[in-house]
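Below you'll find the structure, written out as structure tokens, and then a few comments.
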Amino acid sequence: MDVDHMVNEASQISAVGDITGTVGHYEQSNPKGNEYITEEGTATSYSRHYKKGWDTTYIREAKYKNTKVNPKDVPVAVYGGHVENSKSNATVDASLLNSMSQLATNPNTSYVIETDPNFTNRRNFLSSDYVLSRLKLDPMNIQKRLGDGYYEQQLVMQEIMRQTGKSRLQSGLSAEEQYRQLMDAGISVTKSQSIVLGRWLTESEQKNLKEDVVLLVSKSVVLPNGKTETVLVPTLYLAPSTKRVEGGANLQAQSINLSVDTMHNSGSIVADKDVTLTGNSIHNDNGLIKGNTATVTANDEVRNTQGTIMANDTVSVYAKKDVVNEGGTITQTNATGSTKVVAGRDVINKGVQYEAGNSKVEWNSSNNRRETITGVDQGYIGGAGQTTVVAGRDVSMEAGIISSDVNTTVTAGRNVTMKAMNATHELEEHRFDKGKSGGGHSQTTQSHDLVKAQLSVGSSIEGKNVSVVASDAVQLEGSQVLTADTVKVSGNTVSLNTAKANSTVNHVYLDKKKSLVKRESTNAVDDVTSTSVTGSTVSGKDITITSAQDVTGQSAQIMGENTVSVTAGGKVELGADKSITDGSSAYRHKKIWLAWWCRYRFLYW
1 MDVDHMVNEA SQISAVGDIT GTVGHYEQSN PKGNEYITEE GTATSYSRHY KKGWDTTYIR
61 EAKYKNTKVN PKDVPVAVYG GHVENSKSNA TVDASLLNSM SQLATNPNTS YVIETDPNFT
121 NRRNFLSSDY VLSRLKLDPM NIQKRLGDGY YEQQLVMQEI MRQTGKSRLQ SGLSAEEQYR
181 QLMDAGISVT KSQSIVLGRW LTESEQKNLK EDVVLLVSKS VVLPNGKTET VLVPTLYLAP
241 STKRVEGGAN LQAQSINLSV DTMHNSGSIV ADKDVTLTGN SIHNDNGLIK GNTATVTAND
301 EVRNTQGTIM ANDTVSVYAK KDVVNEGGTI TQTNATGSTK VVAGRDVINK GVQYEAGNSK
361 VEWNSSNNRR ETITGVDQGY IGGAGQTTVV AGRDVSMEAG IISSDVNTTV TAGRNVTMKA
421 MNATHELEEH RFDKGKSGGG HSQTTQSHDL VKAQLSVGSS IEGKNVSVVA SDAVQLEGSQ
481 VLTADTVKVS GNTVSLNTAK ANSTVNHVYL DKKKSLVKRE STNAVDDVTS TSVTGSTVSG
541 KDITITSAQD VTGQSAQIMG ENTVSVTAGG KVELGADKSI TDGSSAYRHK KIWLAWWCRY
601 RFLYW
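Mapped onto UniProt numbering, the consecutive letters of the sequence shown carry residue numbers 1 to 605.
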């Protein structure tokens, strides 16, 4: 495929063999929409005013409805183990292959739609009569089938394409061989579970499938002439272990090798064998790039924003300038494979903040509560095999993870920096109560609470053995280097410092009481501001930290099970940082006796 500009929006492109080509600009995306998550319920508020002789309890109830809106790709269809068209009352559009199919003209045929014999060269194609003969059923004494052999094979192949993004479930099979294999599996399930011909599988039965099958299911179909008829339709059921596609925009083949100028992928690029993408600029924005091996190479930058680049064996990402992984995943799954990320300038591996919760309850204009929670989706580079990250300048991490089940190596021509990102929690609540009782007693209470809290989410480099090397500085802030065996950290300077998270609590309380004899008021204000620190950690069996100049740190933990070696050409200075809490409180209580009551007490007491 050789084109200047190619846009794939919500379409599936699939090849039994390989896809190769040169494309100027390749863009793959799904229709955009919003996902609405609505939480509904009843919030109940209790308050009580008690005084000797009277007791007032307030119970407030308010209906609340909080809706969270998440931008989301809209798939062409929703696929899963239990698909809607597997139900007996589903309607199938039989005009799917209308251009080369027609209503059967012979009333004695066992099917209602036949393929133009000029198209099939009058060849007999394998059909579901194969199933009926294996089950020892006479096709002429049961419901008619939807179509002839060619029609059925194309119908099943298109359903495979719809659910998996490819035309073959197993490479190397012809359409007829695949159809026979699926029908054989269906016959086995039919016999072992005593399934009556025409019945659909229940959701539980679908979840228990060990392999993909085709069964003949009785369904209502709309024929090309507009009439509706109930016939037997070959229906595909995929086993839970079979990979499905969740979006519309999909490029799939045995192997994919594309050379592009620029690429923006928000869909799926999946190969059974190798995926190789080469270009000036490659952006994977919430998309999937996957193969047995996956290689992405850019002359400018590779940017993976909340997307996934993955392989079974080896995943390699190269850029002459920058590799940016923002809340995304670059990974592989085999222990004998590897993850390689190499940039001529910077490797940036960072998390992204997202709204984890947002709720609001309003009993009335004076009584309400609002809560907002922001989480951090960490960027991840690593896998089961060896992980190597190399930058000509800097490796920068902020709430990022670089990991391996075996060895992890991080090398920078300048600096390796590991920082934290803050998750947040904010709560604001306002309360107002007013009550009266006999004898002229009344009380009004107001309270206002505001809480803002942060939580540090640090970066980490992990593995059985870990090596972190920088020509200039290795800087950790509230982050970790964790190993099962050995860890080596080397730089011109090494600093192990803290990450800071700030929190504030503000409470205001106002209370006024009134009776026939006195007036009372209470005002209280509390303000607390705190800064918590999270130190950095280097942990393993054997630890070696080497610096040409200084090794410094605040509240750092260097924990070696066997040996710890810290060597510096300058000084080694490890101190302690402190969490700080500042608070202020103001309290005022005022009581005024009314004049007539004072005179009464003076005269008669």
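The beta-carbon is built from N, C-alpha and C at its ideal position, and this holds for glycine as well.
Same chain only: Cβ atoms within 7 Å of residue i, ignoring 5 sequence neighbours per side
i	result
residue 22	2 and 259
residue 395	347, 389, 410, 412 and 416
residue 262	25, 279, 280 and 281
residue 456	420, 422, 478, 499, 501 and 534
residue 78	For residue 78, the pLDDT reaches just 33, beneath the cut-off of 50, and the residue's location in the model is therefore unreliable, although a value from the coordinates is still provided. Cβ within range, chain order: n/a, list empty.
Endpoints, the beta strand (DSSP E) within which residue i is located
i	result
residue 16	Note, residue 16: premise wrong, no beta strand (DSSP E); not H, not E.
residue 316	308–319
residue 519	518–534
residue 561	557–568
residue 277	274–285
residue 619	Outside the shown range of the chain (1 to 605) lies residue 619, about which nothing can therefore be said.
residue 505	499–514
residue 1	Counting along the chain, residue 1 falls outside any beta strand (DSSP E), and DSSP gives it neither H nor E.
residue 109	Taken as a continuous stretch (DSSP letters only), residue 109 belongs to no beta strand (DSSP E), as it is neither H nor E.
residue 332	329–332
residue 364	352–364
residue 370	367–377
residue 387	386–391
residue 571	Unbroken run through residue 571: none, as it is neither H nor E.
residue 443	442–457
residue 322	322–326
residue 407	407–412
residue 641	The shown model of the chain, from 1 to 605, leaves out residue 641, and the question about it has no answer.
residue 464	Per DSSP, residue 464 belongs to no beta strand (DSSP E) and is neither H nor E.
residue 401	400–404
residue 480	480–483
residue 487	486–491
Beta-carbon proximity list for residue i, same chain, < 6 Å, skipping 5 on both sides
i	result
residue 241	none
residue 419	398 and 477
residue 316	295 and 340
residue 434	444
residue 537	480 and 557
residue 349	325, 379, 381, 397 and 400
residue 467	409 and 488
residue 8	28 and 249
residue 300	280, 281 and 321
residue 283	264 and 303
residue 373	356, 357 and 425
residue 532	501 and 579
residue 589	522
residue 441	515
residue 505	451 and 528
Expected contact under 8 Å - CB spacing of residue i and residue j to nearest Å
i	j	result
residue 326	residue 352	6 Å
residue 167	residue 145	About 22 Å separates the two Cβ atoms, so there is no contact after all.
residue 175	residue 157	6 Å
residue 563	residue 543	7 Å
residue 312	residue 333	5 Å
residue 150	residue 115	4 Å
residue 251	residue 13	5 Å
For residue i, three-class secondary structure by DSSP
i	result
residue 189	helix
residue 303	strand
residue 6	strand
residue 549	coil
residue 472	coil
residue 496	strand
residue 254	coil
residue 294	strand
residue 181	helix
residue 77	Residue placement at residue 77 cannot be trusted, given a pLDDT of 37 that sits under 50; what the coordinates show is reported in the next sentence. Residue 77: coil per DSSP, three-state reduction.
residue 83	Interpretation of residue 83 is limited by its pLDDT of 36, a score under 50 that renders its predicted location unreliable; no figure is taken from the coordinates.
residue 271	strand
residue 586	strand
residue 343	strand
residue 97	Because residue 97 sits at a pLDDT of 48, beneath the cut-off of 50, its placement in the model cannot be relied upon, and the point is left open.
Cβ shell of residue i (< 8 Å), same chain only, five flanking positions each side left out
i	result
residue 585	524, 525, 526 and 527
residue 336	313 and 385
residue 292	271, 272, 273, 274, 311, 312 and 313
beta-carbon residue i near the ligand SAM non-hydrogen atom, thresh 8 Å
i	result
residue 2	Among the components modelled here there is no ligand, and therefore nothing to report on the ligand SAM.
(request) Only counting runs of 4 or more residues, tell me where the alpha helix (DSSP H) segments fall wholly within the region 129–167, in order along the chain. (result) 129–134 and 149–164
(request) Report the residue ranges of all alpha helix (DSSP H) runs contained in full by the region 198–245; include only those spanning at least 4 residues, in chain order. (result) Counting only runs of 4 or more, we get 203–207.
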